[in-house]
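Residue numbers (the UniProt record's numbering): 1 to 154.
What follows is the structure, encoded as structure tokens:
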């Protein structure tokens, strides 16, 4: 662009254009990059969510190594990178955890009660059946198949 004072409009098209889009896992993603790609940005407004997704997309996202201090409760409870408010304070005050503004939250934070309910359900559903029961079920299935084949032959 011209350095002429007041000349803020461009008259020509962009000179250099990328032919292929940037891929953050082109040469195999690292464990840190995989974690960043899988992360769900909850408790933030639409603008902050887009900023965080851009950082992940272009390998600019750097996760926190230590917890940061929350600006509301002044405790070291902020566990997410680029956030300034901890999740409990953001949930209670209905603020964006990244910018601290009272904006509409795109993906709301789960309440602590909902999180414990979800973990309880996962632990209940996660138990495997004893091996003997599985074999008994397989035996019943085989037995019922034999009954059907015998009925068909008679």
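The C-beta atom is built at its ideal place from N, Cα and C for all residues, glycine as well. Quantities reported herein were computed from a predicted structural model and do not represent experimental measurements.
Residue i burial status per 10 Å Cβ neighbour count (16 or more: buried)
i	result
residue 16	exposed
residue 6	exposed
6 Å CB neighbourhood of residue i in its chain, flanking five on each side removed
i	result
residue 49	41 and 106
residue 132	Note that residue 132 has pLDDT 49, beneath the 50 cutoff, so the model's placement of it is unreliable and no number is given.
residue 68	78
residue 76	67 and 69
Residue i versus the options, residue with shortest Cα-Cα distance
i	options	result
residue 39	24, 52 and 73	52
residue 104	20, 61, 43 and 87	43
Residue i, enclosing alpha helix (DSSP H) - first and last residue
i	result
residue 47	46–57
residue 36	31–38
Cross-strand partners of residue i (DSSP beta bridge)
i	result
residue 78	68
residue 85	Per DSSP, none; premise fails for residue 85.
residue 107	None; residue 107 has no bridge partner.
8 Å Cβ shell around residue i - same chain, five flanking residues per side excluded
i	result
residue 37	24, 25, 29 and 56
residue 64	78, 79, 80 and 81
Close beta carbons around residue i, own chain, < 7 Å, minus the five adjacent residues each side
i	result
residue 22	58
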